[in-house]
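One structure is given below, encoded as structure tokens.
Numbering (the numbering used here), first residue to last: 1 to 338.
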């Protein structure tokens with residue numbers, strides 16, 4: 001099957017040795033949305049050996065304009081993104097071993113999920129998870145290829161390739177405000193594929209054994225502005241994540257917030273105590289008794305309760321759509337769970 005990758009191996013900087021390294025690699029993709037699905041598809045087509053993709057969300061219609069791996073059928077079936085990605089990627093290249101997890105990344109599970117991988121591609125949609133992954137990768141000694149995009153702006157920076165370079169924690173003051181998200185200011189698909197291509201190219205360079213001076217790459221495709229900035233001077237000697245005596249502060253939080261409002265989406269995420277598993281059929285029956293026709297698959301059950309759409313995940317997470325009020329969300333769930 002190596003003939004499948006002939007044109008890729010003809011590219012001299014990558015070559016046969018790069019292809020072998022890619023075949024032996026085990027890549028962790030943190031997020032199966034726009035960036036994650038694009039990068040994962042490129043890696044699977046390129047012949048990566050193993051790929052793990054993790055995401056907590058279910059596909060929605062608003063995803064389809066920029067998340068090119070998915071179809072209308074995936075949305076209609078209310079598939080989790082990670083499960084739909086697994087299905088599509090397996091059809092693209094049967095020689096790649098693919099694993100997926102429909103879970104929320106937390107300080108309690110990230111180390112066990114990431115450990116043993118060759119590299120981590122950042123494709124998450126929130127800063128809290130990025131900082132968590134930054135600490136986990138630094139502690140485990142795994143390169144972390146950070147990427148983000150919003151509107152027509154995107155940026156990338158590889159972390160952990162050289163000790164003298166800053167980590168994400170060091171760069172916090174240089175990043176765009178978290179209030180600017182795809183849900184609040186929008187995003188166009190060309191910037192998604194641009195950033196995903198940058199990240200994937202950086203990963204291929206790393207696997208091919210190339211060494212280079214990492215730079216923070218940024219671009220605005222709408223205004224035609226581009227920058228490549230050396231940020232070595234921004235490394236903080238006292239950084240709690242990457243100094244000589246790191247404490248990895250984002251891994252130290254034992255319990256995540258019980259309720260969190262998902263930015264710009266009029267949705268509250270709740271978590272049952274101790275991430276207790278949910279019996280999906282039980283809640284499907286509750287929805288049916290309330291006159292709602294639930295959607296059930298192996299990962300979740302979704303239905304309407306008092307005019308709100310509520311999604312119960314098997315791992316104990318709950319999404320309440322239609323409100324930004326955690327108290328209201330808790331009240332709705334309590335009225336179902338007793």
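Note that the Cβ used here is the ideal one computed from N, Cα and C, for glycine as well.
* Asked: Which whole-angstrom value describes the C-beta separation of residue 214 and residue 162, a residue pair presumed to lie in contact below a C-beta threshold of 8 Å?
  -> 7 Å
* Check whether the Cβ atoms of residue 22 and residue 41 sit closer than 8 Å, and answer yes or no. => no
* To do: Flag this pair as yes or no: are the beta carbons of residue 51 and residue 103 separated by less than 8 Å?
  => In this structure, the beta-carbon distance from residue 51 to residue 103 does not fall below 8 Å.
* Asked: At what residues does the beta strand (DSSP E) containing residue 57 begin and finish?
  -> Taken as a continuous stretch (DSSP letters only), residue 57 belongs to no beta strand (DSSP E), as it is neither H nor E.
* To do: Would you list the one or two residues that DSSP bridges to residue 50?
  => 26, 97
* Would you report the Cα separation of residue 45 and residue 4, rounded to the nearest angstrom? -> 9 Å
* Asked: residue 34: which of 25, 63, 18, 293 sits nearest, CA to CA?
  -> 63
* Three-state secondary structure (DSSP) at residue 269? -> In the three-state reduction of the DSSP assignment, residue 269 falls in the strand class, which pools E and B.
* To do: Since I believe residue 26 is in contact with residue 116 (beta carbons under 8 Å), could you give me their beta-carbon distance rounded to a whole number of angstroms?
  => 7 Å
* Taking the CB atoms as reference points, tell me whether residue 31 and residue 124 lie closer together than 8 Å. => Yes. Within cutoff.
* What's the gap between the Cα of residue 100 and the Cα of residue 53? -> 5 Å
* **Burial state of residue 56, where buried means 16 or more other Cβ atoms lie within 10 Å** => buried
* Asked: Enumerated in chain order, which unbroken segments of the alpha helix (DSSP H) with a length of 4 residues or greater are wholly contained in the stretch 55–133?
  -> 72–76, 81–92, 110–114
* **Distance, residue 172 Cα to residue 279 Cα** => If I take the Cα positions, the gap works out to 40 Å.
* **Supposed close pair residue 145, residue 199 - CB separation, criterion 8 Å** => With a Cβ gap of about 5 Å, residue 145 and residue 199 count as contacting.
* From the DSSP output, in three-state form, read off residue 219 for me. => strand
* Beta-carbon contacts of residue 240 that lie in its chain and below 8 Å, excluding the five residues immediately before and after -> 169, 246, 247, 248, 249
* Rounded to a whole number of angstroms, what is the C-alpha to C-alpha distance between residue 192 and residue 265? -> 20 Å
* **Residue interval of the alpha helix (DSSP H) (run including residue 289)** => Looking at the DSSP string, the run of the alpha helix (DSSP H) that includes residue 289 is 280–289.
* Asked: Which two residues bound the contiguous alpha helix (DSSP H) that contains residue 197?
  -> 189–207
* Asked: Do you know offhand how far residue 210's Cα is from residue 220's?
  -> 27 Å
* **Own chain residues within Cβ distance below 8 Å of residue 252, not counting five before or after** => Annotation for residue 252: 107 place their beta carbon closer than 8 Å to its own, counting only its chain and skipping 5 residues before and after.
* Is residue 260 helix, strand or coil when you go by DSSP? -> strand
* Grab the span of the alpha helix (DSSP H) containing residue 309 for me, first residue to last. => No alpha helix (DSSP H) contains residue 309, which is instead part of the beta strand (DSSP E) from 308–313.
* Any idea what DSSP makes of residue 137, helix, strand or coil? -> helix
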